[in-house]
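Peer 1: Chains as they are written, first to last, in our numbering: chain S, 913 to 1105; chain U, 1423 to 2138.
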Amino acid sequence: MRHLYPVGRLGFMAPPSKAIEAGASVSLELRVNGEPHAVSVPVHKTLLEVLREDIGLTGTKHGCELGECGTCTVLVDGQPVLSCLALPATLEGHDVTTVEGLESADGLHPLQQTFVELGAAQCGYCTPGFVLAAKALLDDNPQPSRADIETALGGNLCRCTGYLKIYEAVELAAARMRGEPGEPTREMLYGAG
Amino acid sequence: MDRIEGLAKLTGAERYVDDLPLDGMLWGMTVRSPAPRGRVTGVHFGSGVDWSEFVVVDHHDIPGDNTVLLIETDQPLLAGEYVRHAEEPIALVAHRSREMVRRAIREIEVTIDPDPPIFDFTAEPTQDQIQHGSDNALKRIDITKGDVDAALVRAARVVEGEYRTGSQEHVYLENQGMIAWEEDGVLVIKGSLQCPFYVLKAAVRALGRDSDHVRIVQTPTGGGFGGKEEYPSMIALHAALLALKAEQPVRIIYDRGEDMRATTKRHPSLVRHRTGVDGDGRLVAQDIDVALDGGAYVTLSPVVLSRGVIHAAGPYACDNVRIRGRAMLTNSPPHGAFRGFGAPQTHFANERHMDVIAATIGIDPDEFRRRNLIVDGQTTATGQRITDGTDRVALLDHALELSSYHERQDKHRSLNASHPYLRRGIGLAAFHHGAGFTGSGEVMLASELHLAGLPDGRIEVLSANIEMGQGTLTVFTKLVCDRLGLRPEHVVIADADTGRVPDSGPTVASRTTMVVGRLVDDSDTGDRVTQAIIDWHVERDEPLVGHAKYEPPPGIEWDETTYTGDAYATYGWATYVAEVEVDLRTYTARVTDFVAVQDVGTVLHETLARGQIQGGVVQAIGWALTEECAWSNGVMQNNQLTNYIIPTSDDVPPIRVSFVENPFAHGPHGAKGLGELPMDGPAPAIANAVARAIDADPRAIPLTPEHLMDLLSNGR
Ligand code: FES
Ligand code: FES
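#1: At what residues does the alpha helix (DSSP H) containing U/Arg2114 begin and finish?
#2: Could you name the residues whose beta carbon sits closer than 7 Å to any heavy atom belonging to ligand 1, keeping them in chain order?
#3: Contact defined as beta carbons within less than 8 Å: I believe U/Pro1511 pairs with U/Arg1454. What is the distance between those atoms, to the nearest angstrom?
#4: Give me the subset of the segment 2018 to 2032 of chain U whose CB atoms are less than 8 Å from a CB atom of chain S, sorted by chain position.
#5: I'd like to confirm something about U/Gly1764: is its beta-carbon nearer than 8 Å to some heavy atom of ligand 2, or not?
#6: Contact defined as beta carbons within less than 8 Å: I believe U/Val1532 pairs with U/Gly1460. What is the distance between those atoms, to the nearest angstrom?
#7: Ordered along the chain, which non-local residues of its own chain (more than five positions away) have a Cβ less than 6 Å from that of S/Cys1072?
#8: Residues of chain S with CB closer than 9 Å to the CB of U/Gln2036, please, in chain order.
#9: State buried or exposed for S/Thr1097, treating a residue as buried only when at least 16 other CB atoms are found within 10 Å of its CB.
#10: When you compare the CB of S/Gly975 with every CB in chain U, is at least one pair closer than 9 Å?
#11: Could you compute how far the alpha carbon of U/Val1960 sits from the alpha carbon of U/Glu1911?
#12: Which value, in whole angstroms, describes the spacing of the CA atoms of U/Gln1831 and U/Phe1770?
#13: Within a Cβ cutoff of 6 Å, which residues of the same chain sit near S/Ala1141, ignoring the five residues on either side of it in sequence?
#14: Counting only the same chain and skipping the five closest in sequence on each side, list residues whose C-beta sits under 6 Å from that of U/Asp1709.
#15: Considering only C-alpha positions, which residue in the set U/Tyr1972, U/Phe1541, U/Ile1808 and U/Asp1535 is nearest to U/His1757?
#16: Quick one: does the C-beta of U/Arg1437 sit closer than 8 Å to a heavy atom of ligand 2?
#17: Can you say whether U/Val1699 is buried or exposed, counting buried as having 16 or more other CB atoms within 10 angstroms of its CB?
#18: Roughly how many whole angstroms lie between the Cα atoms of U/Lys1971 and U/Ile1611?
#19: Can you tell which of U/Ala1857, U/Ala1816, U/Ile2043 and U/Gly1648 has the C-alpha that lies nearest to the C-alpha of U/Leu2096?
#20: Could one say the Cβ of U/Pro2069 lies closer than 9 Å to chain S's Cβ atoms, at least one of them?
#21: Measuring only between beta-carbons, confirm whether S/Arg964 sits less than 9 Å from chain U.
#22: Rounded to the nearest angstrom, what separates U/Asp1981 and U/Ile1808 at their Cα positions?
#23: Looking at U/Ile2108: is its Cβ nearer than 9 Å to the Cβ of U/Val2017?
#24: Any beta carbon from chain U within less than 9 Å of S/Thr972's own beta carbon?
#25: Note down, in chain order, every chain U residue with its Cβ under 8 Å from the Cβ of S/Glu1015.
#26: Return the first residue and the last residue of the beta strand (DSSP E) that U/Arg2004 is part of.
#27: Tell me the rounded alpha-carbon separation between S/Ala1017 and S/Asp966.
#28: Just to check my reading of the structure: U/Gly1644 and U/Thr1685 have Cβ atoms closer than 8 Å, yes? What is that Cβ distance to the nearest angstrom?
#29: In this structure, how does DSSP classify U/Met1447 when only helix, strand and coil are distinguished?
#30: Which same chain residues, not among the five before or five after U/Ala2052, have their C-beta less than 6 Å away from its C-beta?
#31: What are the start and end residues of the alpha helix (DSSP H) that includes S/Thr1039?
#32: Could you run through the segment 1032 to 1060 of chain S and flag, in chain order, every residue whose CB is less than 7 Å away from some CB of chain U?
#33: Among S/Gly1094, S/Gly1066 and S/Leu1076, which has the Cα closest to the Cα of S/Thr983?
#34: Using 8 Å for Cβ pairs, my map puts U/Ala1821 next to U/Pro2106. What's the rounded Cβ distance?
#35: Which residue marks the beginning of the alpha helix (DSSP H) containing S/Thr1097, and which one marks its end?
#36: Is there a Cβ from chain U that is less than 9 Å from the Cβ of S/Val1028?
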């Protein structure tokens, strides 16, 4: 049976910094992947739409725009949030991270590497959401159990992989981030049996 | 070797169709029928928006024939006078703002003078419900082997059973979408699709243009599973009609609700079995009746039915087989291609029935199968002699061993006798899946593939086959590298763009690796290209192109009129075992362990292959336990991801995948198709396990809590 979305995923509830009229356009400064972006958008436009249409960051995908699939997950101050339910007007002064911001000066994030190595991205459409939800988990808990991973990713749907390779990619990335042996085991590559 | 396109999917660099905005692009939306059947009496435009801002298209704007060409031409591109299913497209609207176009759609009212619809594909239609031929049958196929009637009379026991499966929504995570524009007199259509040449052929017919003036380009496709086989032609042509009228680029991106309500799903089925067995528990007669719900138009139902009936008798040897199949018209949106293509439905019935027979005659289900599985030299229902050297009984035994089948049964017995509310059971299914197109399909397709040298010395592979997550790009690259002794960075796979690539056939039927991969590996091309690469570096002045064309494996004979002969060039064979746990407090069933053993020939890329099997198994778990379309008056009511329940991370058991590699002489390096096989076996294995767990006799899926509650109170 399906999980409830982990607490906090449903949107970002901080009150807006200034009073806003319904239907009005607002000028905002959003900090996305460490860069400031000035946008002027209708107040009801979602973070998903603003990221994709106004800021041009199309790496964030959408599978329902109703808060049901987790595909649009981004991080706000390091916590996973469904961007299709979040309003930018509530996000000034907060840090938004999208899949485009995962790579750092040191190169790819270990999750990006392990998802490729273990074939955890098939069609890839759900992948940005999974990787960001997984990053939030690993930042918080460097040694998650399989159950921790299942819970943390329980709000993300994938129709291609059957989830198992995604878990293994998260486990392998966690191991590498802890400085443990970074080679995938045979079991991770091919499954048990 | 890692996935070729892997990294772009991890950095957000991969551009799917909705990620490709163009200057001045309009949003297009579809006006749909509110009723399942009737005459269109009016399309009324309300006064809530300024219509001069919108581009509106109806069937009068279609330059060519008003049809979405596929096997037949009965499905209109935009219904004119008459509708045959709810949600049928009637008109199109476009505007620069998505919000405005949504508002406009709400302003449009379509009125219909209703005629009596039919929704039950198993019922005899009344005279006024007949809409196709004399009896609403979109297609009938019969298979006959031996003399079933006589054998049934002689049989020691005759066991009957009736089995049903429901429709299933694909739920590719990326909804359907297309963009279209005109560029120097050429209409360009890009989008999420599996078969660029299907769209091209449909475009030529409906738009009245020759194929030099239309280009179809596949964008990275966020999952397909068959759902992007035929329906994308509809959306592509809609976007094209709007773009031509607006003289501006147009995009149509369905939202989840529209996608689930309007596009195709798996065919619901009703299969009846009457089976004769002799005193030793051997099959002597299989009398099988297969009915599929085709929906309102022919679309792909004839071929889905074909694959369904060919697989209906399972991987068993029986001298007397009669299979009668029909796909029936109903006033539901057309059902369509979905991973497995009719075989999951008939395998569900047959494998559940095998357990029912075994119980009736008092033999263990595994032993009953062992006695009847085809051994080399025996023939299938169509009379195809199997001589591939695969030991199907060993495959079954391997699956039993990996799953500790017998030990677990003992454990379940004691748990079920003592536990207050948990019941466990284990079930199996043995099955097969024909790889590639049926019969002479591959010969008629005459797939072609080109390899070309690029000015920088790299080799480009030109094929119409697409990547939708299953790994086509990686497998093709690997084959070229192996064949030509190149490294992956020296190989480029061209975009599937009908303006550039030859027709190598659609990306369906588990055929891409086996058939087209074989062309990549084709020796003649390979040698020519290898030589040419050497020449290339010696004197770089001549363009380099190698061709390959599909040649059928020798000795394949198929008679389309009698449905006899070699239905497929080869088959994948498998036995799957599922363990389930039923909670008597909540009436929920959960899969707790899964073993998938199969022979798909040589495995070309183990990570990709296992990923395909695991993904397919999980999709089938959904079909077996939770995925149910709630229909009312021909409209899917639960068209959201909160009430149409696909498996989440919580529903996934450990899945142990084992490949028994028996190379297929005519596949690349011995590979056979594998993408659809994992959809066939899980549902019957799970239903058989549930039957054991709660000592009941399920005859239909999905086994939702409601259905389990019925089973627990009535046993049936
Ligand atoms: S698009 Fe946001 S949850 Fe589905
Ligand atoms: S990889 Fe396709 S939906 Fe997850």
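A virtual CB, placed ideally from N, CA and C, is assigned to each residue, including glycine. None of the values given here were measured: they were computed from a predicted structure.
Peer 2: The structure says:
#1: Pro2104 to Ile2116
#2: S/Leu960, S/His974, S/Gly975, S/Cys976, S/Glu977, S/Leu978, S/Gly979, S/Glu980, S/Cys981, S/Gly982, S/Thr983, S/Cys984, S/Leu994, S/Ser995, S/Cys996 and S/Leu997
#3: 6 Å
#4: Closer than 8 Å at the C-beta level to chain S, one finds these residues of the segment 2018 to 2032 of chain U: Glu2028, Thr2029, Leu2030 and Arg2032.
#5: no
#6: With a contact defined as Cβ atoms closer than 8 Å, U/Val1532 and U/Gly1460 miss out at about 10 Å.
#7: Gln1034 and Cys1035
#8: Thr1073, Gly1074, Tyr1075, Leu1076, Lys1077 and Gly1103
#9: exposed
#10: yes
#11: Low confidence applies here, because U/Val1960 scores a pLDDT of 49, under 50, leaving its location unreliable and the question unanswered by this model.
#12: 22 Å
#13: Past the edges of chain S, shown from 913 to 1105, lies residue 1141 of chain S, and the structure says nothing about it.
#14: Result list for U/Asp1709: Val1570, Arg1696 and Arg1744, in chain order.
#15: U/Phe1541
#16: No, since every heavy atom of ligand 2 falls outside the 8 Å radius drawn around the Cβ of U/Arg1437.
#17: buried
#18: Straight-line Cα distance between these residues: approximately 27 Å.
#19: U/Ala1857
#20: yes
#21: yes
#22: 17 Å
#23: no
#24: yes
#25: Thr1433
#26: This sequence places Val at residue 2004 of chain U; Arg is not what is there. Where U/Val2004 is concerned, the enclosing beta strand (DSSP E) stretches over Thr1992 to Asp2005.
#27: 26 Å
#28: Contact doesn't hold; Cβ gap of about 14 Å is too wide.
#29: coil
#30: The answer, listed in chain order, is Gln2059 and Asn2060.
#31: Thr1039 to Asp1052
#32: Ala1033, Gln1034, Cys1035, Gly1036, Tyr1037, Cys1038, Thr1039, Pro1040 and Val1043: these are the residues of the segment 1032 to 1060 of chain S whose beta carbon lies less than 7 Å from some beta carbon of chain U, given in chain order.
#33: S/Gly1066
#34: With 8 Å as the limit, U/Ala1821 and U/Pro2106 do not qualify as a contact, their Cβ atoms being about 14 Å apart.
#35: S/Thr1097 -> no alpha helix (DSSP H), and no H or E assigned at all.
#36: For S/Val1028, a Cβ of chain U is located within less than 9 Å of the residue's own Cβ.
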